[in-house]
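Enquirer: Position 131, counted from 1, in the sequence shown is what full-length UniProt numbering calls 131; the numbers after and before it change by one each time, with no gaps.
No residue lacks a Cβ here, since even glycine has one placed at the ideal position from N, Cα and C.
Below are the structure tokens for one structure; questions will follow.
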Amino acid sequence: MTNFHLFNLSVLSSTYHTSPLHLHFCESPYDSLSSLCFSAAMGSSGDVNWKLEDHPKLPKGKTIGLIVLDGWGESEPDQFNCIHKAPTPAMDSLKNGVPDTWRLIKAHGTAVGLPSEDDMGNSEVGHNALGAGRIYAQGAKLVDLALASGKIYEDEGFKYISESFEKGTVHLIGLLSDGGVHSRLDQVQLLLKGFAERGAKRIRVHILTDGRDVLDGSSVGFVETLEADLAALRSKGVDAQVASGGGRMYVTMDRYENDWTVVKRGWDAQVLGEAPHKFKNALEAVKTLRAEPGANDQYLPPFVIVDDNGKAVGPIVDGDAVVTFNFRADRMVMHAKALEYEDFDKFDRVRVPKIRYAGMLQYDGELKLPSRYLVSPPLIDRTSGEYLAHNGIRTFACSETVKFGHVTFFWNGNRSGYFNEKLEQYVEIPSDSGISFNVQPKMKALEIAEKARDAILSGKFDQVRVNLPNGDMVGHTGDIQATVVACEAADVAVKIILDAINQVGGIYVVTADHGNAEDMVKRDKAGKPALDKEGNLQILTSHTLKPVPIAIGGPGLSAGVRFRQDLDTPGLANVAATVMNLHGFVAPSDYEPSLIERRRVERKFHATLPGFPLVASTITSQVTFQILTIAKKKARRSNGYQQGRESFQIFCSAIDCVVEIKMVDQVQHPTIAQKAAGQFLRSSVSKDMQVGYQRPSMYQRQAAYGNYSNAAFQYPLNTSRAMATIASPVFVQAPGEKGFTNFALDFLMGGVSAAVSKTAAAPIERVKLLIQNQDEMIKAGRLSQPYKGIGDCFGRTIKDEGFGSLWRGNTANVIRYFPTQALNFAFKDYFKRLFNFKKDKDGYWKWFAGNLGSGGAAGASSLLFVYSLDYARTRLANDAKAAKKGGGGRQFDGLVDVYRKTLKSDGIAGLYRGFNISCVGIIVYRGLYFGLYDSLKPLLPGDLQDSFFASFALGWLITNGAGLASYPIDTVRRRMMMTSGEAVKYKSSMDAFKQILKNEGAKSLFKGAGANILRAVAGAGVLSGYDKLQLLVFGKKYGSGGA
């Protein structure tokens, strides 16, 4: 294992606090989970009360998966936003929780302790803030404290450069300014005084004039001040003077590898003592150069100070020490590379002196540049990790080498090692070496995700924390295509971890430490991509000032928990209290406020929405459970139980998928699938696989895999690398990723539209079924002669059974159709996000194919829930009076009688006869039904897009086309259903198809298809009605056909 070198730094002997007095006033109308009201920063670690209070509203015991995406900001979608360009379905799905479970937070500037809003965040300060829960001084503030306390002269950096004080020269290079953005003159003055007092005999200052963060022309005043200080040192016997200079934008201070000639001008003046302009003193130099036409402080040309013989007074030579005194990193990194890298090749350095170099701070923690620095990162006390360790939380942290120190050392307050080795485990995965990250952009994302998944499923840890470095490390290479691949790999890793969290009923927190991959091009003041002199795009390889996302969720998230809306500009430091709350603790009083609150769950649906959909949904669940209850009594006497077992295992998995997600309190409120799991399906799983999933309580959720009815299938499907991505959306948590509220609203609106439309079209549906199945009824003796057509069927049915009989079977039909269409609409959007095809990015035809696929997948998923009700509806609708001379009675007395008689004669298999061919048919039908409508509706011109009648007409045409395409399959499945309770005449769906063709001809496959033209009114009504409901309630256009 590769060791992270910062772990070898000695812990500072004395602890000083850099956090300011914290004052928090809670005036939110909601309950702030951090319980912050008023507090001051606490004392040293020795005085700390480590015991955290239990949270009054949030439970303990939930496994938390904490994912930090490195370099993953939020920006406008365009071709230079690699996150937008990459297929990222997992991260995209989390956005659907906005604003309750997804939001943006700050990761730069003052939010992470940096001096100004122009300071980009980085991984070091980002992870400091994430772990500390407070905003600690970074940059200028940190330097001020180090200078005031004298700590700067006690650390290793100063000791390193001071070895050159006796015989060499100490050179100070940086921006001469009091702007406070990159440097401050008062800090330079203190350094000069401190160096002289501690033995420096020869000092040279290489100044860079400002005029950007301060007024142009202020350089003259700054030079006068500096010269006075240097004269005072000379009066004390120190050889101190300015050696060279130039304007900041023309000499030394380039950034992002934009123009290495800027750095070379500085190198020539500072190291080689060569420049086009030579002066006797700095004041003369600045005044003279500023007098040139068009001159300003920012772009002063390079100059050197020379003695009476014309020789430069201060070139950097062997044995000297160099300090770059800027505290801001971005415009010092390139110069630091030239000073420190032996294999530097950006320009010819001519001469490379052997020096002792230290920065004011470390400018790049990832590059470890420079390797020596005067001011160490802050030693942060009472981090969230230390608190949680004291309160028994078992933690697992993992990343690859380039970010391992961030998820451990920096997270823990710049401290090496463990807080409690018995409770913590840190795993480092060696990064690729010897190649650039854009060559292998996937890096070790998959390996990190697999380690995290295994840790979650092991049940040994309460918090599993990872850093996925791809977006940042590959983004720094400037390779846009490679960064797109990197973002996709990180998203796959996120999905693996989220799936594991879903399996154990845990909670996820997904965030980032700073931006990078979301904007890979430099921009002008108008925000447009910038071009160089040759007209080429200027690629951006640095971090950004963009906010980063944070998302929470998972089956373990308590109902009512959401992001607060009363925090104006929260940042990374607010995450620590949030995570503590999710662990079931109140955060320390001086931590930044938690991002979450828990509102009372108001159950308004009963009062504000029509009652019928809820009744229908409830009936569906109750009927399902009654089926299982009856099945249990018949199970041991019926071969059908064994035959139907596989179908019901899939059926109950789907119920788990939707119902169990939000059923947190499963002891008091067990789901239908849990009841089924405990009473009916356990014994059908092999004994070897069953042993690991049993618990004393039938409804008890297991620690690792949840109380799924088909738990034996959960582990292999979701831990297999090949199967996890394909199977987990169906077997784990499909709708939960969308957000339960949005899912429920889509569900209810789709259901209401379906119920109204289906009832209106019920007579047409009844006639269609009678015509479609008349041959079977004649053979069974329930119809005396065939119908002559649609009109004859209508007339005879009304005459023989009454006008109300046209709605016979409609109750079961609506009960079936309500949840079917409701789930269709709710699942359709989920599968569209899973495919993640976007019209503007992937092209129309790929997007069109995604619409077809999502429609078919939604139809198949919904069929799992309601197939038995579809069977019952078919039997009731075809149950005409016994027709021998008009005599005889009905075969079934109602819905329950259908189940009772079918289970008695055929067992559960009878209720699921024709299921396989039905899946095929529904995929074809729903794929065309939803896919065509979603793809064609946005193409309607002008006002037609808002027209109900245009939507209805489009829906009617599409419903007819989809119905005709799938009609032969529908005929076969109806025939399969009609054989239940009688001698089984078809060996399989294919056998039924062949026999129908052989005995009745191809036309029989389309019997009743004419009625479908009228019946399409219902399908069109559902599509256009759903769109209209969305428009009326939310003002959202094209609820079904949105692009």
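Tell me whether the beta-carbon of L572 lies closer than 8 angstroms to the beta-carbon of A146.
Expert: Their beta carbons are not under 8 angstroms apart, which means L572 does not touch A146 by this criterion.
Enquirer: I want to know whether the region 560–569 touches the region 91–102 - three or more CB-CB distances under 8 angstroms.
Expert: With a cut-off of 8 angstroms, the region 91–102 and the region 560–569 count as touching, because enough Cβ pairs lie within range.
Enquirer: So within the region 285–341, which uninterrupted alpha helix (DSSP H) runs reach at least 4 residues, ignoring any that extend past its ends?
Expert: With a minimum length of 4 residues, the continuous alpha helix (DSSP H) runs that stay inside the region 285–341 are 333–340.
Enquirer: Please report the distance separating the alpha-carbon of K62 from that of K495.
Expert: In a straight line, the C-alpha of K62 is about 19 angstroms away from that of K495.
Enquirer: Reducing DSSP to helix, strand and coil, say where L388 ends up.
Expert: In this structure, L388 counts as helix in the three-state DSSP scheme.
Enquirer: Quick check for students: name the residue ranges of the alpha helix (DSSP H) that lie wholly in the UniProt repeat "Solcar" (741–834), counting only runs of 4 or more.
Expert: 762–772, 774–779 and 790–801, all fully within the UniProt repeat "Solcar" (741–834).
Enquirer: Can you tell which of K994, E592 and D842 has its C-alpha closest to the C-alpha of H84?
Expert: Comparing Cα-Cα distances from H84 to each of K994, E592 and D842, the minimum goes to D842.
Enquirer: Out of curiosity, what's the CA-to-CA distance linking V439 and A482?
Expert: Their backbone Cα atoms lie some 8 angstroms apart in a straight line.
Enquirer: Using the beta-carbon count (16 or more within 10 Å), is F158 buried or exposed?
Expert: Buried, by the Cβ-count rule.
Enquirer: What would DSSP say about R599, mapped onto helix, strand or coil?
Expert: Residue state, collapsed to three classes: coil.
Enquirer: Here's the rule I'm using: 16 or more other beta-carbon atoms within 10 Å means buried, otherwise exposed. How should Q79 be labelled?
Expert: Exposed is the call here.
Enquirer: Assign L531 to buried or exposed, taking buried as 16 or more other Cβ atoms, counted over all protein chains shown, within 10 Å of its Cβ.
Expert: Classification for L531: exposed.
Enquirer: Which term fits R913, buried or exposed, when burial requires 16 or more other beta carbons within 10 angstroms of its beta carbon?
Expert: Result: buried.
Enquirer: Starting from T395 and walking both ways along the beta strand (DSSP E), at which residues does that stretch end?
Expert: From DSSP, the beta strand (DSSP E) with T395 extends over T395 to E400.
Enquirer: If contacts are defined as beta-carbon pairs under 8 angstroms, then R598 and S558 qualify, I think. What distance do you get, rounded to the angstrom?
Expert: About 6 angstroms; that satisfies the 8 angstroms criterion.
Enquirer: Using a Cβ-Cβ cut-off of 6 angstroms (strictly less than) and excluding sequence neighbours within five positions of F396, which residues of its own chain qualify?
Expert: Around F396: Q425, A455, F461 and V464.
Enquirer: On the DSSP bridge assignment, give the partners of S244 in chain order.
Expert: In the DSSP output, where bridge partners are listed per residue, S244 has H206 and V304.
Enquirer: Taking T477 as the reference, which of K839, N467 and N516 has the closest Cα?
Expert: Residue N516 is the option with its Cα nearest to T477.
Enquirer: Could you check how far apart the C-beta atoms of Y160 and R372 are, in whole angstroms? I think they sit under 8 angstroms.
Expert: Correct: roughly 5 angstroms between the Cβ atoms.
Enquirer: I want to know whether the region 276–288 touches the region 247–255 - three or more CB-CB distances under 8 angstroms.
Expert: Touching, no.
Enquirer: Considering only residues of the same chain and omitting the five flanking positions on each side of G556, which have a CB-CB separation below 6 angstroms?
Expert: Cβ within range, chain order: K62, G505, G506 and I507.
Enquirer: Are there 16 or more other CB atoms within 10 angstroms of the CB of V924, so buried, or fewer, so exposed?
Expert: Buried.
Enquirer: How should S989 be labelled, buried or exposed, when 16 other C-beta atoms within 10 angstroms of its C-beta is the threshold for buried?
Expert: S989 should be labelled buried.
Enquirer: Write down the C-beta distance between P570 and L540 rounded to the nearest angstrom, noting that I regard them as a contact closer than 8 angstroms.
Expert: With a Cβ gap of about 26 angstroms, P570 and L540 do not count as contacting.
Enquirer: Of all the options M91, P56, N81 and Y1026, which has the alpha carbon lying nearest to the alpha carbon of F835?
Expert: Here the closest residue by C-alpha is M91.
Enquirer: Among the residues of its own chain, which have a CB less than 7 angstroms from the CB of D893, if the five just before and after it don't count?
Expert: None.
Enquirer: The alpha helix (DSSP H) with W267 in it runs from where to where?
Expert: Per DSSP, W267 belongs to the alpha helix (DSSP H) from W260 to W267.
Enquirer: So is G347 buried or exposed if we call it buried at 16+ other beta carbons inside 10 Å?
Expert: The sequence given here has Phe at residue 347, not Gly. Label assigned to F347: exposed.
Enquirer: In this structure, does DSSP put F993 in helix, strand or coil?
Expert: If DSSP states are grouped into helix, strand and coil, F993 belongs with the helices.
Enquirer: Taking Cβ positions, are T169 and G314 nearer each other than 8 angstroms?
Expert: Against a cut-off of 8 angstroms, the Cβ pair of G314 and T169 comes out as a contact.
Enquirer: Tell me which residue opens and which closes the alpha helix (DSSP H) that L233 is part of.
Expert: Where L233 is concerned, the enclosing alpha helix (DSSP H) stretches over S219 to S235.
Enquirer: Express the C-alpha separation of L954 and G1010 in angstroms, rounding to a whole number.
Expert: Going from the Cα of G1010 to the Cα of L954 covers about 19 angstroms.
Enquirer: Using the beta-carbon count (16 or more within 10 Å), is Q342 buried or exposed?
Expert: Strictly speaking, residue 342 in this sequence is Glu, with Gln absent from that position. It counts as exposed.
Enquirer: Using the Cβ count rule (16 or more neighbours within 10 Å means buried), how would you classify L130?
Expert: L130 comes out buried.
Enquirer: Shortest alpha-carbon distance to G859 belongs to which of V214, Q821, D479 and Q995?
Expert: The residue with the shortest Cα to Cα distance from G859 is Q821.
Enquirer: In terms of residue numbering, what span does the alpha helix (DSSP H) encompassing K901 cover?
Expert: Taken as a continuous stretch (DSSP letters only), the alpha helix (DSSP H) holding K901 covers L895 to D906.
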